[in-house]
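S.K.: One structure, pasted below without further comment.
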Amino acid sequence: MVATLRIDELSVSFAHRTGTAAAVDGVSLCIAPAECVGVVGESGSGKTQLFLAVMGLAGNAKVSGSIRFQGEELLGAAAPAINRVRGSKLTMMFQDPMTSLTPHLSIGTQLAEVVVCHLGRSWGEARIAAGRMLERVRIPEPQRRLNQYPHELSGGMRQRVMLAMSLLCEPALVIADEPTSALDVTIQAQIIGLLRAVRGEAGTALALISHDLAVVAGLADRILVMYAGRIVEHGAAAELFRQPRHPYTAGLLECVPSLSGPRLARLPTLAGQPPRPGEALQGCSFAPRCPRAADRCRSERPVLTGASTRQVACHFPLA
Amino acid sequence: MNHPLLQVRDLRVDFGRHTALRDVSFDLFRSETMALVGESGSGKSTLARAILRLVGAAQGRVEFMGLDLLRIPASQLRAQRRNLQIVFQDPLASLDPRMSVGEAIAEPLRIFEPTLTAAERSRRVAAMLERVGLSAGLAGRYPHEFSGGQCQRIGIARAMVLHPSLLICDEAVSSLDVSIQGQILNLLLDLQREAGMTMLFITHNLAVARQLSHRVMVMYLGRLVEIASCDALFAAPVHPYTRALLAAVPQIPPLAAAAPAARGERAVPDVTASGCAFRDRCPYALRVCETTDPPLLEVAPGQWAACHRSHETLNPLS
């Protein structure tokens, strides 16, 4: 079976005054058809840059490695080849639904445009498809929404429009970058439910990028944990949450305040802070914050090892 | 119980035709941490600003240490500011980029303790920097040289340097990564315990509220819908909105069964609307909810809720 997305040794780096800073550093991953993969990490961990590179939206960053979508290499491909899949078979929805919609075009026009451009349908047909898709993402009064403008919709509704737009051409993969982070918790629950339903209905693969472990926990089959531009742990969602093996994953999980369990006199914390981009670190980039770090961690960088379904990049992983 | 440090009564704030806050009444006792939770647009920040008189109130009373903050003359209000400090959400935006962090922390001292010598002032600044977990040697640096978590420590140092009796934190950890968030919450907990400070902690994150607070107030569309002790609120929430809010929080491991969440989305606050503001989204709404605004009533000792069915919802509803 051909993977929907296969990334090999991908690096994304930015030039600055004193050299280059790698936002993504040698990341390899694979997403199978209909699979939901969660990518978690804190701000600056490189999770968004990784997928912007997949979409060919990394701007003036230097991208190296390989990005194959349904077997076809995207990195270095000519613009027409990329534009054939981008926005139709490979789509991305962003965190802020206000700035990712065009303010002066009606919702109907913005949605129909995708169908006209990618599927070559007439505007009339495209508008009907747009209305149907709004119904599928459970927007109340879908026909009325077609004539409305982004500012007339709430944040939750705009995010539903973004999802509708990314689903219009029956994509093989939807990349959702913090799709619920700007939303209130009751609306977030609705959007998570919707993403779950969409996956079930259409067999679309989903890459879910989030800083919120709990959001990812409710959706993903597999989870990749990123730290300082690299994948530090990877595994099936339930297993990773039950038994994290990288000290960073374990620390992160401990830090998430819970609604159940005892109230604590002091909250668990991870000491220190992540390295700045471009900060040259020998060895493991988590070593300065790691309670288990030894001399070896400060001199030798650990590589991702283990069975293909459960990997960890640590010299002294938790049992 | 001791006398409240802050008493808010019937507070109402209008923005043009919109009512952002109405009928807000509560007491805040000395050395208490009160969490104020609610979704965006519910009026949490407006309440903080109205207490500090950063926005004008249309009616009501804010009594702080025996003074009605809404009615005292500006000069007297300014003198009170040293007792009322606030920490904002965006740590970098709330610091002046051209002022070294040492100067930023010294500024309140210059204003409120003008008799301090320069040496005494820098000693106080150094001590405060150390207290919030930063090295005193960093006083000459500028905000852009610090990370978000460090800037928030600086914001807290600036608020705490005058030993205020009330500290308002408006989403003070919301822009921080989860590994940093715990560090800042622990710092606030320590400061609160050491100094016996009273804290109003505004957050949209219920799990954070649970870890930090003695009592919790829940706000929906400009009204307080529930006030309870932290333990009671999380163990036995009364208001259907509180229940929906708690059910919507994603958990690890994920909850198996989807609890009854709130339907639809919130409406735009409207002065002329009668009835309960939550009724359109409420799975328990009755006809009376459309016509009559439910008052905030004590439904159990120390637990207040604004719901016509609060006596039923104390027991599980079918």
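Line by line, the protein sequences are chains A and B.
Under this note's numbering, the first residue of the first sequence carries the number 778, and numbering increases by one thereafter.
Under this note's numbering, the first residue of the second sequence carries the number 8, and numbering increases by one thereafter.
For each residue, glycine too, the CB sits at the ideal point set by N, CA and C.
Since we're looking at a predicted model, the values are computed, not measured.
Let me confirm a value: Q1020 of chain A is counted as buried when at least 16 other C-beta atoms fall within 10 Å, else exposed. Which label applies?
M.R.: exposed
S.K.: Across which residues does DSSP place T210 of chain B in a beta bridge pair?
M.R.: Bridge partners of T210 of chain B: B:V44.
S.K.: Please state whether DSSP places P329 of chain B in a helix, a strand or coil.
M.R.: Any property of residue 329 of chain B remains undetermined from this structure, which presents chain B solely from 8 to 325.
S.K.: Do M939 of chain A and P1039 of chain A have their CB atoms nearer than 8 Å?
M.R.: Not a contact, by the Cβ cut-off of 8 Å.
S.K.: Quick one: which unbroken beta strand (DSSP E) runs of 3-plus residues sit fully inside the segment 831 to 869 of chain A? Chain order, please.
M.R.: 839 to 846
S.K.: In chain A, which residues lie with their C-beta within 8 Å of the C-beta of R250 of chain B?
M.R.: Within 8 Å Cβ-Cβ: nothing; R250 of chain B doesn't reach chain A, min ~11 Å.
S.K.: Which of the three DSSP states is assigned to C807 of chain A in this structure?
M.R.: strand
S.K.: Just how far apart, CA to CA, sit A133 of chain B and L169 of chain B?
M.R.: 14 Å
S.K.: Return the CA-CA distance between A1096 of chain A and P1024 of chain A, expressed in angstroms with no decimal places.
M.R.: 11 Å
S.K.: So with Cβ pairs under 8 Å, would you call E233 of chain B a contact of chain A?
M.R.: no
S.K.: Which chain A residues are close to L213 of chain B, counting only those with a beta carbon under 7 Å from its beta carbon?
M.R.: The contact set of L213 of chain B on chain A, defined by CB atoms closer than 7 Å, consists of L1036 in chain order.
S.K.: Interface residues of chain A around D184 of chain B at Cβ under 7 Å?
M.R.: E819, S820, H988
S.K.: For F95 of chain B, which residues from the same chain have a beta carbon less than 6 Å from its beta carbon, with the 5 sequence-adjacent residues on both sides left out?
M.R.: S101, D177
S.K.: Pull up the distance between the alpha-carbon of P302 of chain B and that of A312 of chain B, whole angstroms please.
M.R.: Cα atoms of P302 of chain B and A312 of chain B: separation of roughly 8 Å, rounded to the nearest angstrom.
S.K.: Under 8 Å, with one C-beta from each stretch per pair, do the segment 1039 to 1050 of chain A and the segment 839 to 854 of chain A reach the 3-pair mark?
M.R.: These segments do not touch.
S.K.: Whole angstroms are fine: how far does the CA of D802 of chain A sit from the CA of D785 of chain A?
M.R.: 11 Å
S.K.: What's the gap between the Cα of L324 of chain B and the Cα of Q258 of chain B?
M.R.: Confidence at L324 of chain B is low in this model, with a pLDDT of 46, below 50, so the placement of that residue should be treated as unreliable; the coordinate-derived value is given next. Spanning the two alpha carbons is a distance of roughly 23 Å.
S.K.: Distance check for F846 of chain A and V108 of chain B, CA to CA, integer angstroms please.
M.R.: 49 Å
S.K.: Could you give the first and the last residue of the continuous beta strand (DSSP E) run that contains Q14 of chain B?
M.R.: That run of the beta strand (DSSP E) goes 11 to 22.
S.K.: Using a Cβ distance threshold of 8 Å, determine whether the segment 283 to 303 of chain B contacts the segment 216 to 225 of chain B, with at least three qualifying pairs required.
M.R.: no
S.K.: What first and last residue would you give for the alpha helix (DSSP H) that runs through T249 of chain B?
M.R.: 247 to 255
S.K.: Could you pull the start and end residues of the alpha helix (DSSP H) that E1010 of chain A belongs to?
M.R.: First-last for E1010 of chain A: 1007 to 1013, but that is the beta strand (DSSP E), not the alpha helix (DSSP H).
S.K.: Kindly indicate which three-state DSSP category V278 of chain B falls into: helix, strand or coil?
M.R.: For V278 of chain B, the predicted structure reports a pLDDT of 47, less than 50, and the residue's modelled location is therefore unreliable. The matter cannot be settled from this model.
S.K.: Between G1074 of chain A and chain B, is there a C-beta pair that is closer than 8 Å?
M.R.: Reading off the sequence shown, one finds Cys at residue 1074 of chain A, where the question assumed Gly. Closer than 8 Å: no.
S.K.: Of all Cβ atoms in chain B, is any one closer than 8 Å to the Cβ of C1032 of chain A?
M.R.: Yes, because at least one Cβ of chain B sits closer than 8 Å to the Cβ of C1032 of chain A.
S.K.: Identify, in the order they occur along the chain, each residue of the same chain with its Cβ nearer than 6 Å to the Cβ of R37 of chain B, setting aside the five sequence neighbours on each side.
M.R.: N9, L12, T205
S.K.: Starting from V1002 of chain A, follow the beta strand (DSSP E) in both directions and report where the run begins and ends.
M.R.: 999 to 1004
S.K.: Going by alpha carbons, who is nearest to G282 of chain B out of B:K51, B:V295, B:A126, B:F153?
M.R.: B:V295
S.K.: Using a Cβ-Cβ cutoff of 8 Å, what residues of the segment 971 to 985 of chain A are near chain B? List them in chain order.
M.R.: Among the residues of the segment 971 to 985 of chain A, none has a Cβ less than 8 Å away from any Cβ of chain B.
S.K.: Looking only at its own chain, which residues have a Cβ that is under 6 Å from the Cβ of H895 of chain A, when we skip the five neighbours before and after it?
M.R.: S865, C946
S.K.: Which residues of the segment 1040 to 1055 of chain A have a Cβ closer than 7 Å to any Cβ of chain B? Give them in chain order.
M.R.: R1040, L1041, R1043, L1044, P1045, T1046, L1047, Q1050
S.K.: For the beta strand (DSSP E) containing S49 of chain B, name the first residue and the last one.
M.R.: Premise fails: S49 of chain B is in no beta strand (DSSP E) and is neither H nor E.
S.K.: Taking Cβ-Cβ distances shorter than 7 Å, what residues in chain B pair up with R1064 of chain A?
M.R.: One detail in the question is off: residue 1064 of chain A reads as Ala in this sequence, not Arg. Chain B residues near A1064 of chain A: none, gap ~15 Å exceeds 7 Å.
S.K.: Below 7 Å CB to CB, which residues in the same chain sit around G1083 of chain A once its five sequence neighbours on both sides are set aside?
M.R.: V1089
S.K.: Give the C-beta separation of Q936 of chain A and A255 of chain B to the nearest angstrom, bearing in mind that I take them to be a contact with Cβ-Cβ under 8 Å.
M.R.: So it is not a contact: roughly 15 Å between Cβ atoms.
S.K.: Going along chain A in order, which residues have a C-beta closer than 7 Å to the C-beta of P150 of chain B?
M.R.: Near P150 of chain B there are no residues of chain A at all, since even the closest Cβ is about 16 Å away, more than 7 Å.
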